[in-house]
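K.L.:
Heads up: the protein sequence lines correspond to chains F and Z, in order.
Read left to right, the first sequence gives residues 27 to 585 (the working numbering).
Read left to right, the second sequence gives residues 8 to 316 (the working numbering).
We treat Cβ as the ideally placed atom computed from N, Cα and C, and that holds for glycine.
Dumping the structure here so I can ask a few things about it.
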Amino acid sequence: MRKSKWSLLMTLVLVLSMFLAACSGGGDSAGDDKGGDGGDSGDKGSSEPQVLNIIDSAEIPTMDTVMGTDEVAFQVMNGVFEGLYRLGKDNKPVPGVAKDHTVSDDQTVYTFNLRETKWSNGTPVTAHDFVYSWRKTVDPATASQYAFIMSPVKNATAISNGEMKPEELGVKAIDDYTLEVTLERPAPFFLSLTTFATFFPQNQEYVESQGDNYALEDDTMIYNGPFTLTNWEHEEGWVLKKNPDYWDAETVQLDKINVKVVKDPATGVNLYETGKIDRVGLSAEYVNKYKDHPDFKQYGEPTIFWFKYNQTRSEALANVDIRKAISMAINKEDLVNVILNDGSIPAYYSVPKDFVNHPKTGEDFRAKNGDMLKYDVEKAQEHWKKGLEALGKDKITLEILGGDTETSKKMQAYFKSQLEENLKGLTIELKGVPFKQRLELDNNQDYDIQFAGWGPDYQDAMTFVDLWVSDGGHNKMGYSNPEYDALVEAAKTELADKPVERFEAMQKAEKILLEEDAAIGPLYQEGASQLWKPYVKDVYINSFGANFSYKWASIEGKK
Amino acid sequence: MKGYITKRVFYMIITLLLIASATFFLIKVMPGNPLSNAAKLTAEQEAIILENYGLDKPVPVQYLLYMGNVLTGDLGLSFQYDGRDVTSLILNRIGPSAQLGIQAILFGSVIGILLGILSAIRYNTIWDYGSTFIAVIGISIPSFVFAALLQYYVGVKLQWLPVAFWEGFEYSILPTLALAVGVIAVCARFMRTEMLEVLGQEYITTARAKGVSGFSVIFKHAVRNSMIPLITILGPLTAALMTGTLVIEKIFAVPGLGEQFVLSITTNDYPVIMGTTLFFSFFLILTILIVDILYGVIDPRIRLSGGKE
Numbered sequence: 027m028r029k030s031k032w033s034l035l036m037t038l039v040l041v042l043s044m045f046l047a048a049c050s051g052g053g054d055s056a057g058d059d060k061g062g063d064g065g066d067s068g069d070k071g072s073s074e075p076q077v078l079n080i081i082d083s084a085e086i087p088t089m090d091t092v093m094g095t096d097e098v099a100f101q102v103m104n105g106v107f108e109g110l111y112r113l114g115k116d117n118k119p120v121p122g123v124a125k126d127h128t129v130s131d132d133q134t135v136y137t138f139n140l141r142e143t144k145w146s147n148g149t150p151v152t153a154h155d156f157v158y159s160w161r162k163t164v165d166p167a168t169a170s171q172y173a174f175i176m177s178p179v180k181n182a183t184a185i186s187n188g189e190m191k192p193e194e195l196g197v198k199a200i201d202d203y204t205l206e207v208t209l210e211r212p213a214p215f216f217l218s219l220t221t222f223a224t225f226f227p228q229n230q231e232y233v234e235s236q237g238d239n240y241a242l243e244d245d246t247m248i249y250n251g252p253f254t255l256t257n258w259e260h261e262e263g264w265v266l267k268k269n270p271d272y273w274d275a276e277t278v279q280l281d282k283i284n285v286k287v288v289k290d291p292a293t294g295v296n297l298y299e300t301g302k303i304d305r306v307g308l309s310a311e312y313v314n315k316y317k318d319h320p321d322f323k324q325y326g327e328p329t330i331f332w333f334k335y336n337q338t339r340s341e342a343l344a345n346v347d348i349r350k351a352i353s354m355a356i357n358k359e360d361l362v363n364v365i366l367n368d369g370s371i372p373a374y375y376s377v378p379k380d381f382v383n384h385p386k387t388g389e390d391f392r393a394k395n396g397d398m399l400k401y402d403v404e405k406a407q408e409h410w411k412k413g414l415e416a417l418g419k420d421k422i423t424l425e426i427l428g429g430d431t432e433t434s435k436k437m438q439a440y441f442k443s444q445l446e447e448n449l450k451g452l453t454i455e456l457k458g459v460p461f462k463q464r465l466e467l468d469n470n471q472d473y474d475i476q477f478a479g480w481g482p483d484y485q486d487a488m489t490f491v492d493l494w495v496s497d498g499g500h501n502k503m504g505y506s507n508p509e510y511d512a513l514v515e516a517a518k519t520e521l522a523d524k525p526v527e528r529f530e531a532m533q534k535a536e537k538i539l540l541e542e543d544a545a546i547g548p549l550y551q552e553g554a555s556q557l558w559k560p561y562v563k564d565v566y567i568n569s570f571g572a573n574f575s576y577k578w579a580s581i582e583g584k585k
Numbered sequence: 008m009k010g011y012i013t014k015r016v017f018y019m020i021i022t023l024l025l026i027a028s029a030t031f032f033l034i035k036v037m038p039g040n041p042l043s044n045a046a047k048l049t050a051e052q053e054a055i056i057l058e059n060y061g062l063d064k065p066v067p068v069q070y071l072l073y074m075g076n077v078l079t080g081d082l083g084l085s086f087q088y089d090g091r092d093v094t095s096l097i098l099n100r101i102g103p104s105a106q107l108g109i110q111a112i113l114f115g116s117v118i119g120i121l122l123g124i125l126s127a128i129r130y131n132t133i134w135d136y137g138s139t140f141i142a143v144i145g146i147s148i149p150s151f152v153f154a155a156l157l158q159y160y161v162g163v164k165l166q167w168l169p170v171a172f173w174e175g176f177e178y179s180i181l182p183t184l185a186l187a188v189g190v191i192a193v194c195a196r197f198m199r200t201e202m203l204e205v206l207g208q209e210y211i212t213t214a215r216a217k218g219v220s221g222f223s224v225i226f227k228h229a230v231r232n233s234m235i236p237l238i239t240i241l242g243p244l245t246a247a248l249m250t251g252t253l254v255i256e257k258i259f260a261v262p263g264l265g266e267q268f269v270l271s272i273t274t275n276d277y278p279v280i281m282g283t284t285l286f287f288s289f290f291l292i293l294t295i296l297i298v299d300i301l302y303g304v305i306d307p308r309i310r311l312s313g314g315k316e
């Protein structure tokens, strides 16, 4: 009896220690190769090591360019793959796999001339690789969540809705190095789209040889970008290594980019302080602390947050004066400076600042329309009185639907206090729900006022303007103005090859949306605050797709 | 003993099946769907994608399909990590979590038990007050506060240990310490109470009367008998720590399972929610079984076979 008990205990101890041994063994070996990496990033002396150390906020969800949907994935894909063009400095597309292109007179057929480049396994990158991946994207069987971004290409929407075959997509390989793309209608922003991950090539033969394992690990992919992916330890980090076979390898300065997954903002700051990483994003609570730090950088992002006024559920919001009153009754300066304090700026517009420029004068989209629906309590109260009279009421209760994150809740509490204080007779009920649930409520138009935001899908004002047309898939608030619809339709069709008129039509549409109709109430344009080590040079910041471009980056003067 | 274990394993399987079913239906009433890009899709596109995931089928059909797969050992493919299978996802993540958990439990319980013993044998002295004070601090301050303090002072200010990452044993020290604080506190409190009670028992007096040395009385008789309630709580605590702790893993950037569990819920990654829940339940039930068996090892008075044998 006694003996059997002891043997049981011994077994347990053994099992436990095996577990321990297994775990620590794994940890050690990972540590060994990482230690080696750290070694050459450290003290090499005379010649400067070209190693960048950064963190990202999450594991890479997918490396299959056709399936990518998020910032983290797009960022890595942009480093290790390349499309026809690539976003360079100031968001300008520069030649990538394509050396140049021609456009037909009616602006609908693009012919790209490809240069002779190679995948990392030695096979050439050809026009067929683009045809394959583009067809795969729109094929409903692929279930790509970003297939919609192909919609400017002829038949793309019909194919992803299952009405046509993938082979009918408007893309054709004339020969190995000539790619012809036919568009649904002229799209002046198409070139910038070709820099986006969904439009990257994939080698059919290789992809199919890997089957279900394609792109799941760093050695089940082939690369054609400035870097290749190595040491991809899931959930822990990965390394981008300079790709010697890249066509423009001499431009690429960095030998290695070490990326680690760090989700906690405070941890990121501590790592930066100890010199382990070269860049860190700052959340609001750190901005005050680092505002005067020499490494502190702030830049605007083209994402706007606004109130969507649902005109179908509350009769009050169907009244334009009520909408104007609400839009003007919130102090947005205080919102960004006190509540957010992260580099965001007040938005009095529906197309962001520093996003697109006039095709002729080069002026910002914002220059002409200026600020609309500015904070003005007196005017807001006038509109409010007028609106209440029209409705024959003296009290209104409205719900604000928003997110459930800390920052979002803080902002919603601020909206409530501002609105109830400035507009007598208004009661605001707050409803904070998880993101997915908010989308569902949005879809069912089951809200009064929704606190929502939008970031661009391509480098053109249309990505914002198109949202509010009457049958728009994202309108979902019952807004309809034939004049607005007509301007947007014109910009998409007859003005498509007249860039100046098209641009001005969209500006006019924005004026109608805000100044006349107050269909939405803009709140703020997002900003980012970061610390950058001064020795990191020439990392370009892009406004859509991958946030940072490392192709031209280098390390200078670290020692 | 054999019969007992067989019976327990049978119940274990039933429990797991019940948990799987309950989780499955709870997930179905959760709002939203697993699309990561739903904001930019039209209703038609959404429908096509959901069909691809098999989410368009009636819930009972989905349930039967899923349970069928689980019984054959297939936990399915993750939605958020495109094409990656859930089993390997969990197995890859459990290593760091388990290592931290075991280190914290071993370190924490040894220190905690010693503190508890010290408290009990130096009852109502400065030693007792001191270790009680430590225990109270450990219980009342959450582990992430310790984690942040350790990271800032030991990692950033003193630079004795790495701030974060997972690259070897030294990287596991700070997270282990942060996790162990709670364990120390729990063990110290339980040990002190139990020891005091046991030391008042007649058999201790008898042992002392027989002339057994003080050391022997404490460690052979008192400590062993005081361990029983401690094991009851240490079992589930071990399971909880080894399967991952969200906040500590996040703060020290440890690629563990805890964070994954929460993330899969917020992203509606159904297969991963199911997989991690099942895994965690399995682990917990297994630990409880081990604890029950350990009772017998530590205290012969408790007989698991209940007289049947």
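Given 8 Å as the limit, is there contact between the stretch 155-173 of chain F and the stretch 86-97 of chain F, that is, 3 or more CB pairs closer than that?
P.N.:
Yes, the stretch 155-173 of chain F touches the stretch 86-97 of chain F.
K.L.:
Please return the same chain residues whose Cβ sits closer than 6 Å to the Cβ of residue 296 of chain Z, not counting the five positions on each side in sequence.
P.N.:
Excluding sequence neighbours, residue 296 of chain Z sits near 15.
K.L.:
Should the stretch 472-492 of chain F be regarded as contacting the stretch 372-384 of chain F, the criterion being three or more beta carbon pairs within less than 8 Å?
P.N.:
Touching, per the Cβ criterion.
K.L.:
With distance defined between alpha-carbon atoms, name the residue in Z:154, Z:68, Z:90 and Z:104 nearest to residue 290 of chain F.
P.N.:
Checking every option, the nearest Cα to that of residue 290 of chain F belongs to Z:154.
K.L.:
So, at 7 Å on beta carbons, what are the nonlocal neighbours of residue 130 of chain Z in its own chain, with the 5 sequence-adjacent residues on each side left out?
P.N.:
The residues are 203.
K.L.:
So, residue 294 of chain Z versus residue 242 of chain Z, is the Cβ gap smaller than 8 Å?
P.N.:
For residue 294 of chain Z and residue 242 of chain Z, yes; Cβs fall inside 8 Å.
K.L.:
Could you tell me whether the Cβ of residue 213 of chain Z comes closer than 8 Å to any Cβ of chain F?
P.N.:
It does not: the Cβ of residue 213 of chain Z has no partner Cβ on chain F nearer than 8 Å.
K.L.:
With a cut-off of 8 Å, does the C-beta of residue 508 of chain F fall near any C-beta of chain Z?
P.N.:
No, residue 508 of chain F does not count as interfacial toward chain Z.
K.L.:
Can you give the Cα-Cα distance for residue 130 of chain F and residue 138 of chain F, rounded to whole angstroms?
P.N.:
Taking the straight line joining both Cα atoms gives about 12 Å.
K.L.:
Threshold first: 3 residues or longer. Then list the beta strand (DSSP E) segments lying entirely within the stretch 271-340 of chain F, N to C.
P.N.:
Here the runs fully enclosed are 282-287, 305-308 and 322-335.
K.L.:
Are the CB atoms of residue 198 of chain Z and residue 237 of chain Z within a distance shorter than 8 Å?
P.N.:
Yes, the Cβ-Cβ distance between residue 237 of chain Z and residue 198 of chain Z is below 8 Å.
K.L.:
Should residue 65 of chain F be flagged as near chain Z, meaning a C-beta pair shorter than 8 Å?
P.N.:
For residue 65 of chain F, the pLDDT reaches just 37, beneath the cut-off of 50, and the residue's location in the model is therefore unreliable, leaving the point undetermined.
K.L.:
Nearest to residue 126 of chain F by CA position, among F:134, F:141 and F:117, is which residue?
P.N.:
Minimum Cα distance to residue 126 of chain F is reached at F:141.
K.L.:
Measuring CB to CB, does residue 137 of chain Z end up less than 8 Å from residue 191 of chain Z?
P.N.:
Contact flag unset, no.
K.L.:
Rounded C-beta distance between residue 273 of chain Z and residue 264 of chain Z? I'm assuming under 8 Å.
P.N.:
Not confirmed; about 15 Å, so no contact.
K.L.:
What does residue 90 of chain F touch in chain Z if you count any residue whose Cβ is under 9 Å from its own?
P.N.:
Simply 89 and 90.
K.L.:
At a CB distance below 8 Å, what residues from the stretch 95-123 of chain F approach chain Z? Give them in sequence order.
P.N.:
Within the stretch 95-123 of chain F, the residues whose Cβ lies closer than 8 Å to some Cβ of chain Z are 95 and 96, listed in chain order.
K.L.:
If contact means a Cβ-Cβ distance below 9 Å, which residues of the stretch 166-189 of chain Z contact chain F?
P.N.:
Answer set for the stretch 166-189 of chain Z: 166, 169, 170, 171, 172, 173, 174, 175, 176, 177, 178 and 179.
K.L.:
Going along chain F in order, which residues have a C-beta closer than 9 Å to the C-beta of residue 136 of chain Z?
P.N.:
The contacting residues do not exist; residue 136 of chain Z stays about 34 Å from chain F at best.
K.L.:
Could you work out which residue in Z:98, Z:32, Z:102 and Z:105 is closest to residue 70 of chain Z when comparing CA atoms only?
P.N.:
With distances taken between Cα atoms, residue 70 of chain Z lies closest to Z:32.
K.L.:
CB residue 88 of chain Z to CB residue 88 of chain F, shorter than 8 Å?
P.N.:
Yes.
K.L.:
Taking residue 438 of chain F and residue 449 of chain F to be in contact with their CB atoms under 8 Å, please state how far apart those CB atoms are, rounded to whole angstroms.
P.N.:
Not a contact, Cβ separation roughly 16 Å.
K.L.:
Who are the near neighbours of residue 26 of chain F in its chain, counting only those whose CB is closer than 6 Å to its CB and skipping five residues on each side?
P.N.:
The requested residue 26 of chain F is not part of the displayed model; chain F covers only 27 to 585.
K.L.:
Can you tell me the Cα-Cα spacing of residue 156 of chain F and residue 279 of chain F, whole angstroms?
P.N.:
Answer to the nearest angstrom: the Cα atoms are 28 Å apart.
K.L.:
Just to make sure I have the definition right: I need the residues of chain F whose C-beta is within less than 9 Å of the C-beta of residue 232 of chain Z. Which are they?
P.N.:
Within 9 Å Cβ-Cβ: nothing; residue 232 of chain Z doesn't reach chain F, min ~16 Å.
K.L.:
With burial defined as no fewer than 16 other Cβ atoms inside 10 Å of the residue's Cβ, what is the status of residue 181 of chain Z: buried or exposed?
P.N.:
It is buried - the Cβ of residue 181 of chain Z has at least 16 other Cβ atoms within 10 Å.
K.L.:
To the nearest angstrom, report how far apart residue 526 of chain F and residue 473 of chain F are at their CA atoms.
P.N.:
Rounded to whole angstroms, residue 526 of chain F to residue 473 of chain F spans 38 Å at the Cα level.
K.L.:
Going straight from the alpha carbon of residue 143 of chain Z to that of residue 196 of chain Z, what length do you get?
P.N.:
Each residue's Cα considered, the two are about 8 Å apart.
K.L.:
Going by C-alpha distance, which of F:158, F:144 and F:429 is nearest residue 234 of chain F?
P.N.:
The shortest Cα separation from residue 234 of chain F among F:158, F:144 and F:429 belongs to F:158.
K.L.:
Any C-beta of chain Z within less than 9 Å: which residues of the stretch 230-246 of chain F qualify?
P.N.:
Under the 9 Å Cβ criterion, the stretch 230-246 of chain F contributes 238, 239, 240, 241 and 242.
K.L.:
For residue 288 of chain F, which residues in chain Z fall below 7 Å Cβ to Cβ?
P.N.:
By Cβ distance, chain Z contributes 171 and 260.
K.L.:
Taking 8 Å as the cut-off, does the stretch 328-344 of chain F touch the stretch 575-583 of chain F (at least 3 CB pairs, one atom from each stretch)?
P.N.:
Judged by Cβ distances under 8 Å, the stretch 575-583 of chain F makes no contact with the stretch 328-344 of chain F, as fewer than three pairs qualify.
K.L.:
Let me know the secondary structure DSSP gives residue 85 of chain F once reduced to three states.
P.N.:
In the structure shown, residue 85 of chain F sits in coil (DSSP, three-state: anything other than H, G, I, E or B).
K.L.:
Apart from the five residues just before and just after residue 316 of chain F, which ones in its own chain have a Cβ nearer than 7 Å to its Cβ?
P.N.:
Within the same chain, residue 316 of chain F has close Cβ partners 308, 322 and 557.
K.L.:
State the start and end residues of the unbroken alpha helix (DSSP H) segment that holds residue 197 of chain F.
P.N.:
Note, residue 197 of chain F: premise wrong, no alpha helix (DSSP H); beta strand (DSSP E) at 197-201.
K.L.:
Across which residues does DSSP place residue 214 of chain F in a beta bridge pair?
P.N.:
None; residue 214 of chain F has no bridge partner.
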